[in-house]
Amino acid sequence: MDALHATRRDFLKLLGTAAVIGSVAPEALAGAKTTKITILHTNDVHSRLDPFPMDGSRNAGKGGVARRAALIDQIRREQEAVLVFDAGDLFQGTPYFNFYNGEPEILAMNRMQYDAATIGNHDFDGGIENMRDQFAKAKFPFLIANYDFRNTVMEGRTEPYKIFNKGGIRIGVFGLGIEPKGLIPANLYKETRYLDPVETANNTAAMLRNDKKCNYVICLSHLGYDYKENTISDRRLAAQSRNLDLIIGGHTHTFLETPASVMNADGKPVLINQVGWAGIYLGRFDLVFEAGKATVQDGQAVPVR
Numbered sequence: 007m008d009a010l011h012a013t014r015r016d017f018l019k020l021l022g023t024a025a026v027i028g029s030v031a032p033e034a035l036a037g038a039k040t041t042k043i044t045i046l047h048t049n050d051v052h053s054r055l056d057p058f059p060m061d062g063s064r065n066a067g068k069g070g071v072a073r074r075a076a077l078i079d080q081i082r083r084e085q086e087a088v089l090v091f092d093a094g095d096l097f098q099g100t101p102y103f104n105f106y107n108g109e110p111e112i113l114a115m116n117r118m119q120y121d122a123a124t125i126g127n128h129d130f131d132g133g134i135e136n137m138r139d140q141f142a143k144a145k146f147p148f149l150i151a152n153y154d155f156r157n158t159v160m161e162g163r164t165e166p167y168k169i170f171n172k173g174g175i176r177i178g179v180f181g182l183g184i185e186p187k188g189l190i191p192a193n194l195y196k197e198t199r200y201l202d203p204v205e206t207a208n209n210t211a212a213m214l215r216n217d218k219k220c221n222y223v224i225c226l227s228h229l230g231y232d233y234k235e236n237t238i239s240d241r242r243l244a245a246q247s248r249n250l251d252l253i254i255g256g257h258t259h260t261f262l263e264t265p266a267s268v269m270n271a272d273g274k275p276v277l278i279n280q281v282g283w284a285g286i287y288l289g290r291f292d293l294v295f296e297a298g299k300a301t302v303q304d305g306q307a308v309p310v311r
């Protein structure tokens, strides 16, 4: 499928099939066994399955899941190890969600072979029962460490974290969601309990780094990039964190042309990235591991068009 000429017909076929930034100097890697892992990510796609219409607007012709699928397939052909993640708000925003309740979004992500996603506030918009029904169709896990779903229909249907092994490199990934109270109607999330994201992040990251021996720790966050008020955000999380390498963010629809870097509680850099909304960009990190230690070779937002 040509990424530049994918059509609605291609998209329908797709659903039917599925029914710090820096460079590594070559001399630094010479003679050492290295492993390259490419991280791809999206956030706040909001049921935008088709490209934006050609109406002369700022986003005219951009995005669309058929084009994103073609781009991901191309990158997988070119790279030895690829992981694909989403930072939440898969649902709500176009009539696809109003008519089909999120099923096409999940089926498209299955076709693109996403490795994991976290939960955004709009993923509750059809109610927690609809979340259960649609997430059950996913061939990838939903990771959320700070939502306690006990006594709800989502109990046991998510995981706090997952470890991915690529070429002997262990990548630990966990998810964080935003506080539902005051943002999501209580009848949609019901008895879901919200746990402190900073405490949860530090406990989970320490476990992944020290107990599970992960070489790299990633948080899929739907907390938002930054706020003027004293609300926990990705930047505040990074500054108070330990053992965390990368935050893939969502919620605020922030477009970062290049990833941000924030020093953590130990004075070490944490990278943060977010690529706007509606799937018009695909975030990409190329990580190079030498002796189990990571260097970011590149980080960019790739246009989907």
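For the sequence shown, the positions run 7 to 311 when the working numbering is used. From the three backbone atoms N, C-alpha and C, an ideal C-beta is built for every residue, glycine too.
Query: Identity of the residue in A93, T44, L250 nearest C85 by Cα; Result: A quick correction: the sequence has Gln, not Cys, at residue 85. Looking at the Cα atoms, T44 is the closest of the given residues.
Query: Local Cβ density within 10 Å of Q80, reported as buried at 16 or more and exposed below that; Result: exposed
Query: Closest residue to F261 among S63, Y195, V302, Q306 (Cα-Cα distance); Result: Q306
Query: Given L288 as reference, the closest of I254, S267, T258 once Cα atoms are compared; Result: I254
Query: Separation of P186 from N193, as counted between CA atoms; Result: 11 Å
Query: Best match in V159, A245, V88 for proximity to P275 [C-alpha to C-alpha]; Result: A245
Query: Opposing strand residues paired with H47 [DSSP bridges]; Result: F91, G289
Query: With 16 other Cβ atoms within 10 Å as the buried cut-off, status of Y222; Result: buried
Query: Residues bridged to R176 [DSSP beta-bridge criterion]; Result: N171
Query: Where the beta strand (DSSP E) through N136 begins and ends; Result: Note, N136: premise wrong, no beta strand (DSSP E); alpha helix (DSSP H) at 134-141.
Query: P110 versus Y102: straight-line alpha-carbon distance, rounded; Result: 7 Å
Query: Complete runs of the beta strand (DSSP E) confined to the segment 215-264 [at least 3 residues]; Result: 222-227, 252-254
Query: Cβ pair A141, D121 closer than 8 Å; Result: In the sequence as presented, Ala is not what sits at residue 141; that position holds Phe. Not in contact: F141 and D121 (Cβ atoms no closer than 8 Å).
Query: With 16 other Cβ atoms within 10 Å as the buried cut-off, status of D50; Result: buried
Query: CA nearest to the CA of F130, picked from M115, V159, Q119, M118; Result: V159
Query: C-beta atoms of K68 and V308 nearer than 8 Å; Result: no
Query: Cα-Cα separation, I134 to Y195; Result: 6 Å
Query: Residue environment, T264, which counts as buried when at least 16 other CB atoms sit within 10 Å; Result: exposed
Query: Whole-angstrom distance between F148 and G162, CA atom to CA atom; Result: 11 Å
Query: CA-to-CA distance, D251 to G99, given in whole angstroms; Result: 31 Å
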